[in-house]
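Trainee: I'd like to ask some things about the structure below.
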Amino acid sequence: MDSQPVPFVPPAPKPRTAPPSTLEMIRIVYRNPLELWGEPTYNEPWISVTGVGGPLVIANDPGLIRHVLVDNAKNYKMATVRQKILRPILRDGLLTAEGEVWRRSRKAMAPVFTPRHIFGFAEPMLKRTLEFVTRYEQGGTSDIAHDMTLLTFDILAETLFSGEISGEPGSFAKEIDRLFETMGRVDPLDLLRAPDWLPRLTRIRGRKTMAYFRKIVTDTVQMREARLRRAPDTVPQDFLTLLLKAEGPGGLTRAEVEDNIITFIGAGHETTARALGWTLYCLAEAPWEREKIEHEIDAVLAREPDPTKWLDAMPRWRVSPTRRNGSTPCRSPAPPSTRRSGSIRRRRRSTANRSSPKPGTASTYRDVPRCW
Ligand code: HEM
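Now the structure itself:
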């Protein structure tokens with residue numbers, strides 16, 4: 527072991543102890559929305575937030591997340607602020623679609639996510655990753671956050687489009703980064719609930735990128751259609767082909783096909799790149815943990831060559847979803863799951879009982895811990 531096993535605590539925003547003023551909130555949200563959260567956000571199974579397009583429910587507990595997103599989804603609506611930011615970019619893609627459009631799209635896209643297709647992505651993922659890691663063999667210093675963005679995009683481009691994307695090499699990744707950097711920011715006017723007709727600076731800055739990006743997507747779809755007409759038997763059965771097969775009456779419209787291409791790149795790119803970058807950073811700072819993980823991975827690789835079986839072959843650790851003593855060791859920058867809910871707010875008003883909610887059982891929710 528090359529270092530003392532002292533617990534590693536990565537830098538993180540200091541949880542707030544009091545609500546910010548409106549002006550302060552605008553400044554924080556524009557700079558880094560994570561600085562908005564207070565201690566309960568990290569320690570409670572769920573909290574409520576008002577005043578940011580609320581009432582909002584933020585669910586941390588896995589059972590509650592399942593309750594909100596899966597078992598009882600019809601009782602909850604997407605958070606208004608989230609929709610105001612994401613819908614101009616993703617339109618009717620799965621992440622921002624609601625109601626009938628979401629149900630129809632989900633059904634039309636179900637064949638894309640059968641185990642056969644998902645397992646088919648494992649080999650290209652492995653191939654790209656192995657190509658990528660050769661650059662580390664010489665040693666030296668690397669910008670892991672940047673590298674993980676490149677790797678994630680490489681894998682998405684391979685599994686979603688078999689690398690057949692229109693435009694200059696690398697322009698797709700660059701444009702989507704610029705898109706989220708401009709249009710993906712919370713606009714102060716959205717926080718102040720200004721009417722939609724008032725122009726937002728964030729969206730004006732992103733308009734040109736958006737038009738360019740949409741054109742890449744349209745051209746990519748047309749390139750694939752032309753190939754499907756020319757030589758249908760040689761076309762790869764990747765996400766794009768499967769998505770085009772889902773197009774038609776009762777399935778997806780052409781606009782929805784394009785919206786979902788942007789959604790999958792956008793939703794898959796940033797999230798995975800940040801999760802990988804953060805994990806590698808934490809491991810680099812905690813060599814005793816890294817050593818344990820490397821042993822586990824080596825043991826799995828020695829006995830299981832098939833990448834589709836690696837996850838099941840890894841040892842399982844049970845991690846407590848919520849810590850109540852404030853000792854959360856590694857605050858992840860992943861976004862929390864947020865939903866608007868009328869029913870929870872009504873329950874809060876109608877009872878004085880302050881018992882804690884139990885995971886997955888909304889009927890027991892009596893009171894909602896506040897964010898601060
Ligand atoms: C560490 C990586 C990831 C994290 C933390 C993450 C997180 C999430 C969360 C929290 C949601 C629910 C959002 C909500 O409805 O409020 C979601 C939905 C979604 N994610 Fe991811 N995601 C990750 C990777 C990916 C990847 C790789 C893809 C695609 C290639 C993807 C595509 C989607 C889509 C399409 C939805 C919407 C599903 C629906 O509503 O039917 N995500 N993700």
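Just so we're aligned, residue 527 is where the sequence shown starts under this note's numbering, counting upward by one. Heads up, the beta-carbon is just placed ideally off N, CA and C, and yes, glycines get one too. Small disclaimer: the values here were computed from a predicted structure and weren't measured.
1) Just tell me which of P725, P588, E561 and P537 has its CA closest to the CA of E570.
2) Pull up the distance between the alpha-carbon of G777 and that of L620, whole angstroms please.
3) With 16 other CB atoms within 10 Å as the buried threshold, where does Y602 fall?
4) Can you give me the Cβ contacts of V712 inside the same chain, cut-off strictly under 7 Å, excluding the 5 residues immediately before and after it?
5) Compute the distance between the beta-carbons of T798 and T678, then report whether it is under 7 Å.
6) Taking the alpha carbon of I702 as the point to measure from, which residue in G665, R740 and L718 has its own alpha carbon closest?
7) If you draw a straight line from the C-alpha of P539 to the C-alpha of C808, how long is it?
8) Below 7 Å CB to CB, which residues in the same chain sit around L616 once its five sequence neighbours on both sides are set aside?
9) Whether or not the stretch 762-782 and the stretch 628-639 are in contact is what I'm after, with contact meaning three or more pairs of Cβ atoms, one per stretch, closer than 8 Å; do they touch?
10) Please list, in chain order, all residues of the same chain as P847 whose beta carbon is under 6 Å from its beta carbon, the five residues on each side excluded.
11) Just mark F687 as buried or exposed, buried being the case when its beta carbon has 16 or more other beta carbons within 10 Å.
12) Mark D669 as exposed unless 16 or more other C-beta atoms lie within 10 angstroms of its C-beta, in which case mark it buried.
13) Measuring straight from C-alpha to C-alpha, what distance separates E663 and H821?
14) Kindly examine the ligand HEM and report whether one of its heavy atoms sits closer than 6 Å to the Cβ of L769.
15) Let me know the secondary structure DSSP gives S697 once reduced to three states.
16) From the DSSP output, in three-state form, read off S574 for me.
17) Taking the alpha-carbon positions, what's the E751 to G689 distance?
18) List the whole-angstrom C-beta distance separating M651 from T685, where the pair is believed to meet the contact cut-off of C-beta under 8 Å.
19) With distance defined between alpha-carbon atoms, name the residue in L802, K771, E782 and W814 nearest to D618.
20) With a threshold of 6 Å (Cβ to nearest heavy atom), would F647 be considered close to the ligand SAM?
21) Out of curiosity, what's the CA-to-CA distance linking I819 and V596?
22) Give the straight-line distance between the Cα atoms of E830 and I644, rounded to the nearest whole angstrom.
23) How is A878 classed by DSSP in three states: helix, strand or coil?
24) Where G665 and T655 are concerned, what is the direct C-alpha to C-alpha distance, given to the nearest angstrom?
25) CB V638 to CB L768, shorter than 7 Å?
26) Taking the runs of the alpha helix (DSSP H) that are 4 residues or longer, which of them lie wholly in the stretch 731-790?
27) Use the C-beta contact count for S889: other C-beta atoms within 10 angstroms, 16 or more gives buried, fewer gives exposed.
28) Buried or exposed for P641, going by 16 or more other Cβ atoms inside 10 Å?
29) I'd like the list of long-range same chain contacts for T922, defined as Cβ closer than 6 Å, with 5 residues on each side in sequence excluded.
30) Check whether the Cβ of L562 lies closer than 6 Å to any heavy atom of the ligand HEM, and answer yes or no.
31) Start and end of the beta strand (DSSP E) containing A648?
Mentor: Let's see:
1) Translated into the one-based positions of the sequence shown, residue 570 becomes position 44. It is P588 whose Cα lies nearest to the Cα of E570.
2) The sequence position of residue 777 within the sequence shown is 251, counting from 1. The sequence position of residue 620 within the sequence shown is 94, counting from 1. Taking the Cα positions, G777 is about 13 Å away from L620.
3) Here residue 602 refers to the residue found at position 76 when the sequence shown is read from its first residue. By the 10 Å Cβ count, Y602 comes out buried.
4) For the purposes of this step, residue 712 is taken as residue 186 along the sequence shown, with counting starting at 1. Once the five neighbours on either side are set aside, the close Cβ partners of V712 are V555, Y556, P559, V607 and I611.
5) Mapped onto the sequence shown, residue 798 falls at position 272. Mapped onto the sequence shown, residue 678 falls at position 152. The answer is yes: Cβ separation under 7 Å.
6) In the sequence shown, residue 702 corresponds to position 176, counting from 1. When C-alpha distances from I702 are compared across G665, R740 and L718, the shortest belongs to R740.
7) The residue you call residue 539 lines up with position 13 of the sequence shown. The residue you call residue 808 lines up with position 282 of the sequence shown. Here the alpha carbon of P539 sits roughly 16 Å from the alpha carbon of C808.
8) Mapped onto the sequence shown, residue 616 falls at position 90. Closer than 7 Å at the Cβ level, and outside the excluded window around L616, lie T622, D785, I788, T789 and G792.
9) Contact between the stretch 628-639 and the stretch 762-782 is present: 3 or more CB-CB pairs across the two stretches fall below 8 Å.
10) Start at 1 with the first residue of the sequence shown, and residue 847 comes out as number 321. Confidence in P847 is poor, its pLDDT being 48 and thus under 50, which makes the residue's placement unreliable; the coordinate value appears in the next sentence. Closer than 6 Å at Cβ, skipping near neighbours: D587 and P588.
11) Reading the sequence shown from its first residue, position 161 is the one you call residue 687. So F687 ends up on the buried side.
12) The sequence position of residue 669 within the sequence shown is 143, counting from 1. So D669 ends up on the exposed side.
13) Position 137 of the sequence shown, counted from the start, is the residue given in the question as residue 663. Position 295 of the sequence shown, counted from the start, is the residue given in the question as residue 821. C-alpha of E663 to C-alpha of H821: approximately 19 Å in a straight line.
14) By 1-based counting over the sequence shown, the position of residue 769 is 243. Because no heavy atom of the ligand HEM lies under 6 Å away, the Cβ of L769 does not count as near it: no.
15) Locating residue 697 in the sequence shown gives position 171, counting from the first residue. In this structure, DSSP gives S697 a helical state, which the three-state scheme calls helix.
16) Reading the sequence shown from its first residue, position 48 is the one you call residue 574. S574 falls in the strand class under three-state DSSP.
17) To locate residue 751, count along the sequence shown from 1; it is residue 225. To locate residue 689, count along the sequence shown from 1; it is residue 163. Going by the C-alpha atoms only, they are around 15 Å apart.
18) Position 125 of the sequence shown, counted from the first residue, corresponds to residue 651. Position 159 of the sequence shown, counted from the first residue, corresponds to residue 685. Yes, M651 and T685 are in contact; Cβ-Cβ is about 7 Å, under 8 Å.
19) On the sequence shown, residue 618 is found 92 positions in, with the first residue counted as 1. Here the closest residue by C-alpha is E782.
20) With respect to the ligand SAM, the structure shown offers nothing to examine, as its ligands consist of the ligand HEM.
21) Counting from one through the sequence shown, the residue named residue 819 turns up at place 293. Counting from one through the sequence shown, the residue named residue 596 turns up at place 70. If I take the Cα positions, the gap works out to 32 Å.
22) Here the question's residue 830 lines up with position 304 in the sequence shown. Here the question's residue 644 lines up with position 118 in the sequence shown. Straight-line spacing of the CA atoms in E830 and I644 works out to 19 Å.
23) Here residue 878 refers to the residue found at position 352 of the sequence shown. In this prediction, A878 scores a pLDDT of 29, lower than 50, which makes its location untrustworthy; the coordinate-derived value is nonetheless stated afterwards. Three-state DSSP puts A878 in coil, outside helix and strand.
24) Translated into the one-based positions of the sequence shown, residue 665 becomes position 139. Translated into the one-based positions of the sequence shown, residue 655 becomes position 129. Between G665 and T655, the C-alpha separation is close to 17 Å.
25) For this step, residue 638 is matched to residue 112 along the sequence shown. For this step, residue 768 is matched to residue 242 along the sequence shown. Inclusion of V638 and L768 in the CB contact set at 7 Å is warranted, their separation being smaller than that value.
26) Listed in chain order, the complete alpha helix (DSSP H) runs (minimum 4 residues) inside the stretch 731-790 are 765-771.
27) Looking up residue 889 in the sequence shown gives position 363. At S889, the pLDDT of 30 sits below 50, so the modelled position is not reliable and the matter cannot be decided from this model.
28) For the purposes of this step, residue 641 is identified with residue 115 of the sequence shown, where counting begins at 1. Flag for P641 reads exposed.
29) No statement about residue 922 is possible, as the shown extent of the chain runs from 527 to 898 and does not include it.
30) Position 36 of the sequence shown, counted from the first residue, corresponds to residue 562. For L562, the shortest C-beta to heavy atom distance toward the ligand HEM is 6 Å or greater.
31) Locating residue 648 in the sequence shown gives position 122, counting from the first residue. Element bounds for A648: not the beta strand (DSSP E) but the alpha helix (DSSP H), A648 to V659.
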